[in-house]
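Enquirer: In the order they appear, the protein sequences are chains A and Z.
Reading the first sequence from the start, the letters are residues 1 to 229 in this note's numbering.
Reading the second sequence from the start, the letters are residues 1001 to 1229 in this note's numbering.
Heads up, the beta-carbon is just placed ideally off N, CA and C, and yes, glycines get one too.
There are 2 protein chains.
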Amino acid sequence: MGLAGHEVLAAVLQVRAGSLQVMLWERAREPHAHRWSLPGGGLGDDEDVETSIRRQLAEKVDVRQLSHVEQLAVFSNPARVPGLRVVATAFLGLVPSHIDPVVPSDTAWHPVDTLPSTAFDHQAICRRARSRLASKLSYTNLGFALAPPEFTISALRSLYSAALGYKVSATNLQRVLSRRGLLEPTGGTVQPGPSGGRPAALFRFVSGEMRITDPFAVLRPPSTRSLGS
Amino acid sequence: MGLAGHEVLAAVLQVRAGSLQVMLWERAREPHAHRWSLPGGGLGDDEDVETSIRRQLAEKVDVRQLSHVEQLAVFSNPARVPGLRVVATAFLGLVPSHIDPVVPSDTAWHPVDTLPSTAFDHQAICRRARSRLASKLSYTNLGFALAPPEFTISALRSLYSAALGYKVSATNLQRVLSRRGLLEPTGGTVQPGPSGGRPAALFRFVSGEMRITDPFAVLRPPSTRSLGS
DNA sequence: TCAAAAGTGTTAAGTTTACACCCATGG
DNA sequence: CCATGGGTGTAAACTTAACACTTTTGA
Chain A
1 MGLAGHEVLA AVLQVRAGSL QVMLWERARE PHAHRWSLPG GGLGDDEDVE TSIRRQLAEK
61 VDVRQLSHVE QLAVFSNPAR VPGLRVVATA FLGLVPSHID PVVPSDTAWH PVDTLPSTAF
121 DHQAICRRAR SRLASKLSYT NLGFALAPPE FTISALRSLY SAALGYKVSA TNLQRVLSRR
181 GLLEPTGGTV QPGPSGGRPA ALFRFVSGEM RITDPFAVLR PPSTRSLGS
Chain Z
1001 MGLAGHEVLA AVLQVRAGSL QVMLWERARE PHAHRWSLPG GGLGDDEDVE TSIRRQLAEK
1061 VDVRQLSHVE QLAVFSNPAR VPGLRVVATA FLGLVPSHID PVVPSDTAWH PVDTLPSTAF
1121 DHQAICRRAR SRLASKLSYT NLGFALAPPE FTISALRSLY SAALGYKVSA TNLQRVLSRR
1181 GLLEPTGGTV QPGPSGGRPA ALFRFVSGEM RITDPFAVLR PPSTRSLGS
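(1) So what's R66 (chain A) in DSSP terms, helix, strand or just coil?
(2) Could you check which residue in A:E7, A:L183, A:T213 and A:A129 has the C-alpha nearest to that of R80 (chain A)?
(3) For chain A, find out if any of its Cβ atoms is closer than 8 Å to the Cβ of S1226 (chain Z); answer yes or no.
(4) Evaluate contact between the segment 1196–1213 of chain Z and the segment 1020–1030 of chain Z, counting only Cβ atoms and requiring at least three cross-stretch pairs below 8 Å.
(5) In chain Z, what lies closer than 8 Å to P78 (chain A) by C-beta?
(6) Closest by CA to R232 (chain A), which one among A:A162, A:S158, A:D106 and A:T114?
(7) Within 10 angstroms of its Cβ, does A1017 (chain Z) collect 16 or more other Cβ (buried), or is it exposed?
(8) So Q1021 (chain Z) is in the alpha helix (DSSP H); what residue range does that whole segment cover?
(9) Counting only C-beta atoms, is F203 (chain A) closer than 8 Å to chain Z at any point?
(10) Using a Cβ cut-off of 8 Å, which residues of the segment 58–70 of chain A contact any Cβ in chain Z, in chain order?
(11) Closest to N141 (chain A) by C-alpha separation, out of A:V176, A:N172 and A:A119, would be which residue?
(12) Counting pairs of beta carbons, one from the segment 1210–1220 of chain Z and one from the segment 130–144 of chain A, are three or more of them closer than 8 Å?
(13) So is K1167 (chain Z) buried or exposed if we call it buried at 16+ other beta carbons inside 10 Å?
(14) Output the distance between the C-alpha atoms of A1145 (chain Z) and R1128 (chain Z), rounded to the nearest integer angstrom.
(15) Can you tell me where the alpha helix (DSSP H) with A1124 (chain Z) in it begins and where it stops?
(16) What's the gap between the Cα of Q1174 (chain Z) and the Cα of F1205 (chain Z)?
(17) Residue range of the alpha helix (DSSP H) that A1033 (chain Z) falls in?
(18) Under the three-state reduction of DSSP, which class applies to F144 (chain A): helix, strand or coil?
(19) At a CB-CB cut-off below 7 Å, which residues of chain Z make contact with P221 (chain A)?
(20) Given 8 Å as the limit, is there contact between the segment 107–124 of chain A and the segment 1082–1090 of chain Z, that is, 3 or more CB pairs closer than that?
(21) Which residues in chain A sit within 8 Å of L1137 (chain Z), going by Cβ to Cβ distance?
(22) Would you kindly check if the distance between the Cβ of Q1014 (chain Z) and the Cβ of V1112 (chain Z) is under 8 Å?
(23) Determine the DSSP secondary structure at R85 (chain A), reduced to helix, strand or coil.
(24) Can you pull out the residues from the segment 95–110 of chain A whose beta carbon lies closer than 7 Å to at least one beta carbon of chain Z?
(25) So A55 (chain A) is in the alpha helix (DSSP H); what residue range does that whole segment cover?
(26) Can you check whether the C-beta of V1087 (chain Z) is within less than 8 Å of a C-beta belonging to chain A?
(27) What separation, rounded to the nearest whole angstrom, lies between the Cα atoms of P215 (chain A) and E184 (chain A)?
(28) Just mark L84 (chain A) as buried or exposed, buried being the case when its beta carbon has 16 or more other beta carbons within 10 Å.
(29) Any beta-carbon of chain Z closer than 8 Å to the one on A170 (chain A)?
(30) Residues in the segment 1110–1136 of chain Z with C-beta within 7 Å of chain A's C-beta atoms, listed in sequence order?
(31) Residues of chain A with CB under 7 Å from A1073 (chain Z), in chain order?
(32) Who are I1212 (chain Z)'s beta bridge partners in DSSP?
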């Protein structure tokens, strides 16, 4: 009557080498030996699911390196793992691109577009994570979670392109994020490379907390014409 | 090590008498006797969470009356219910406005804006459900789940207004939903009331499956200028 | 003929895309 | 002075909100 194991799993995503990658570890033992799986584990008695996934990820990456964590969904197919029933709460985790976490020897990063053989239903969880990230990049300030503290617009463009899976225009990216008040110039610039070019200005995200920035695509509340800056 | 009770709960919403209401039942016994709580119960051994919530709702309302069901989130605070630990997967359920389900005697509908004293963390779940519904009305075709098979634009306007919590213009509602191809006229009309007026045309939703209709607020993929009708 | 309700026309505002053009630097 | 990025100006496209106006009916 409703008694089941409960595990928490996280698809930790990071833009690495120009592509969106997910952290996976290779199972040594059966079931699904040598297949790649998401980090996580059993829910402890005195912790909620978010506390739990943060604790378990600390074994893989320093939790301070996680710029964002959010619930994705429950995966509860009775046959999702063999043996005793285990329900999983899946999370999306993000690591900013300037960090290269030290990971255990059984753990590695894999591009989400070309996943290796994955264990259980972990591939579906990865897909869900990628999809959630792409959506939120459009209507929230979640870019902060992929980017280093300071960056050039073209660096940010690369991050967005990798996460979204298609080219983003640097011009328009800057316009949109600036209009919404998400970006501010640091005042600093970066020296051009050996082939020259104008020095790029550095920017930072104004906020490091996720916020919805494009709340209503349509059907907005009646205008109160008093919100303009 | 990760063994806990698991329950499924649903905030079933319907627009009734011009307001968005949620179905609650009054607890007879402790804990939280006489407080109102969401329908649901323990996860069965051979069912996933969605199957489970549909099964349990069948005791309250005919499942065929549910026009939409989706996961909201996991609620897992170790102290969320007294006694043995229970993790809950919360759902949003919707019932179209033309249906008046027969509910058990301990069960009643309550406006989500003026909830009675609720049990456990059920108030938070209700808020989450209302918020999810409002968001999805803007960027999906989820209106179909609130509306009867055929309806006038002004009836639809009332449904959207109740669910969103603010007045929606019938003119613009029709424009937006028609532009997106969600509505089609049935050809029928409704006779005007006793005070006269032009007969209203009847419409229906083209699809009864949830679909995202406004996928990218910004940062769209490069245009392929070949999608126009 | 008037009031009431429904539906259409039209304008204005806001946002984003696309692209031409200018800027700053290294060789 | 030219190539190479970086950044801005500007126009066009698209959508939605607001509201005036027309249509259709009952009294």
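Expert: Answer, in terms of the structure:
(1) Per the sequence presented here, residue 66 (chain A) reads as Leu, with Arg not at that position. Collapsing the DSSP output to three states places L66 (chain A) in coil.
(2) The candidate whose alpha carbon is nearest that of R80 (chain A) is A:E7.
(3) In this prediction, S1226 (chain Z) scores a pLDDT of 35, lower than 50, which makes its location untrustworthy; the coordinate-derived value is nonetheless stated afterwards. Not closer than 8 Å to any Cβ of chain A, the Cβ of S1226 (chain Z) fails to qualify, so no.
(4) Look at the beta carbons and you see the segment 1196–1213 of chain Z not touching the segment 1020–1030 of chain Z: under three pairs across the two are nearer than 8 Å.
(5) Those within 8 Å of P78 (chain A) in chain Z are D1045, D1046, E1047 and D1048.
(6) Given that chain A is displayed from residue 1 to residue 229, the structure contains no residue 232 (chain A) and the question cannot be resolved.
(7) Classification of A1017 (chain Z): exposed, given that the 10 Å Cβ count is below 16.
(8) Careful: Q1021 (chain Z) lies outside any alpha helix (DSSP H), inside the beta strand (DSSP E) at S1019 to E1026.
(9) No, because no Cβ of chain Z sits closer than 8 Å to the Cβ of F203 (chain A).
(10) Per Cβ criterion, the list is empty.
(11) The option with the nearest alpha carbon to N141 (chain A) is A:V176.
(12) Three or more Cβ pairs drawn from the segment 1210–1220 of chain Z and the segment 130–144 of chain A lie within less than 8 Å of each other, which places the two stretches in contact.
(13) By the neighbour-count rule (16 or more Cβ atoms within 10 Å), K1167 (chain Z) is not buried but exposed.
(14) Within the model, the alpha-carbon separation for A1145 (chain Z) versus R1128 (chain Z) is close to 18 Å.
(15) Counting along the chain, the alpha helix (DSSP H) containing A1124 (chain Z) begins and ends at H1122 to Y1139.
(16) The alpha-carbon of Q1174 (chain Z) is positioned some 12 Å away from that of F1205 (chain Z).
(17) No alpha helix (DSSP H) contains A1033 (chain Z), which DSSP labels as neither H nor E.
(18) In the three-state reduction of the DSSP assignment, F144 (chain A) falls in the helix class, which pools H, G and I.
(19) Against chain Z, the beta carbon of P221 (chain A) has neighbours under 7 Å at Y1166, listed in chain order.
(20) No: the two stretches stay apart, fewer than three of their Cβ pairs being nearer than 8 Å.
(21) Result: L219.
(22) V1112 (chain Z) places its beta carbon 8 Å or farther from that of Q1014 (chain Z).
(23) The answer is coil: DSSP assigns R85 (chain A) none of H, G, I, E or B.
(24) For the segment 95–110 of chain A, which is checked against every Cβ of chain Z, not one residue is closer than 7 Å.
(25) The question names Ala, yet the displayed sequence has Arg at residue 55 (chain A). Counting along the chain, the alpha helix (DSSP H) containing R55 (chain A) begins and ends at V49 to L57.
(26) In terms of beta-carbon proximity, V1087 (chain Z) lines the interface with chain A, with at least one pair separated by less than 8 Å.
(27) Distance between the alpha carbons of P215 (chain A) and E184 (chain A) is about 21 Å.
(28) Classification for L84 (chain A): exposed.
(29) Chain Z, which has no Cβ nearer than 8 Å to the Cβ of A170 (chain A), makes this no.
(30) Along the segment 1110–1136 of chain Z, there is no position whose C-beta sits under 7 Å from a C-beta of chain A.
(31) Those within 7 Å of A1073 (chain Z) in chain A are Q71.
(32) Within the DSSP bridge table, the entry for I1212 (chain Z) names Z:T1140 as partners.
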